[in-house]
Amino acid sequence: MPSLKLPPLAAAVQKNLLTRIGEPFNVSAPNSTRVGVITNCDTDVAYSFDDAPYIWHQELNQLFAQNNAKATFFVNGNNWGCIYSPENVKALQDSYAAGHLIGSHTWGHVHMDEMTPQELDEQMDLIEEALWKILGIVPAVVRPPYGEANAQVVAQLNARGYTVVTWDVDSGDSVGVVAADSIARLQAFKYPQPHMPLNHEMYQSSVDTVAPAMLPYLKKQGYKMLTIAQCLNGVAPYKIVGKPQQRDETWTCGKDHAPPSASR
Ligand SMILES: [Zn+2]
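Residue numbers (UniProt numbering): 1 to 264.
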């Protein structure tokens with residue numbers, strides 16, 4: 001391996017990953033973590049989707065490509081489906097190749113506040129390992145499911161090298177707001193006020209109605225459509241960037257890691 005000059009945090013992550021995965025990799029680790037909970041961009045708009053990937057993920061990839069826009073996807077390992085399914089692997093690889101940000105949303109869409117530090121570490125380890133295998137990256141941005149993260153949880157995530165983000169405007173899709181009302185919420189944006197809107201990709205109207213209306217609108221307003229790492233000046237997108245692995249028998253969600261039921 002080439003000699004690597006890693007910041008201490010990335011070195012710790014590397015050691016942890018090597019212990020779990022046992023594969024050598026190249027590291028390119030810019031590392032700037034913003035502490036606390038970040039609720040908005042510094043500039044422009046970062047359009048984000050939680051509970052990724054879902055069956056319409058490739059439609060989003062096409063839509064964002066058509067609009068020359070970047071998205072941020074917060075992914076679960078095992079929530080609406082298993083991250084290791086061939087369709088989900090391909091969808092995430094296509095998203096990553098397109099320059100969208102892939103962030104952590106925990107393995108099983110858990111309530112972080114209800115976990116012990118060890119349980120939370122396991123949740124973060126599992127999704128890190130999956131994204132390392134599938135994309136060759138370890139994420140550095142996390143959105144807590146339900147937006148729930150108390151001070152202790154935030155401190156633990158920051159110490160793991162994560163910038164913790166929520167959102168400034170909720171499209172309301174997860175609580176039944178209809179598409180027209182979601183669009184109205186998002187069309188209240190006035191350039192150059194920054195925004196970090198929340199959407200969920202398992203609601204079809206968010207994919208086939210709201211986003212197609214919003215991306216051209218925001219561009220026309222004058223916004224750049226950035227990833228969350230891009231809209232937060234100096235925040236690292238990933239803790240480690242390497243190469244994806246080859247599928248093997250460990251690419252499975254397994255019954256031990258299933259959540260009780262799919263969650264928003
Ligand atoms: Zn969620």
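Note that the Cβ used here is the ideal one computed from N, Cα and C, for glycine as well.
Euclidean distance between Cα positions of residue i and residue j
i, j, result
"Q246", "I102", "19 Å"
"P139", "D173", "25 Å"
"V35", "I228", "15 Å"
"E119", "N158", "16 Å"
"L186", "L218", "9 Å"
"H104", "F74", "A quick correction: the sequence has Ser, not His, at residue 104. One C-alpha to the other measures close to 5 Å."
"E201", "P144", "16 Å"
"residue 265", "W251", "No answer is possible for residue 265: the residues shown for the chain start at 1 and end at 264."
"residue 286", "D181", "A query on residue 286 cannot be resolved here, the shown segment of the chain reaching from 1 to 264 and no further."
"N150", "A179", "31 Å"
"M214", "Q58", "18 Å"
"A71", "F189", "17 Å"
"F49", "H100", "11 Å"
"L63", "A98", "12 Å"
Whole-angstrom C-beta distance between residue j and residue i, which should lie under 8 Å
i, j, result
"I38", "T163", "6 Å"
"L60", "V235", "Contact flag wrong, Cβ pair sits at about 22 Å."
"I183", "V210", "6 Å"
8 Å Cβ cutoff met for residue i and residue j
i, j, result
"D168", "M196", "yes"
"D113", "V153", "yes"
"N76", "T33", "no"
"Y47", "I137", "no"
"D94", "L226", "no"
"L131", "S171", "no"
"N78", "C253", "yes"
Minimum C-alpha distance to residue i - residue among the options
i, options, result
"W56", "L92, K220, G161 and A69", "L92"
"D51", "L63, G99, Y203 and A130", "Y203"
"K243", "D44, I83 and Y96", "Y96"
"E148", "I183, N88, M115 and P53", "M115"
"N40", "Q230, D248, G254 and C253", "Q230"
"H109", "K90, A98 and I83", "I83"
"N88", "A71, D42 and L135", "L135"
"Q66", "L198, N233 and P212", "P212"
"H111", "D42, Y146, A98 and K70", "Y146"
"P117", "R160, G99 and I127", "R160"
Buried versus exposed, by CB contacts within 10 Å (16 or more), residue i
i, result
"G222", "exposed"
"P192", "exposed"
"K133", "buried"
"P53", "buried"
"K220", "exposed"
"L4", "Reliability fails at L4, whose pLDDT of 35 lies under 50, so the model's placement of it is uncertain and no value is given."
"E249", "exposed"
"Q156", "buried"
"V177", "buried"
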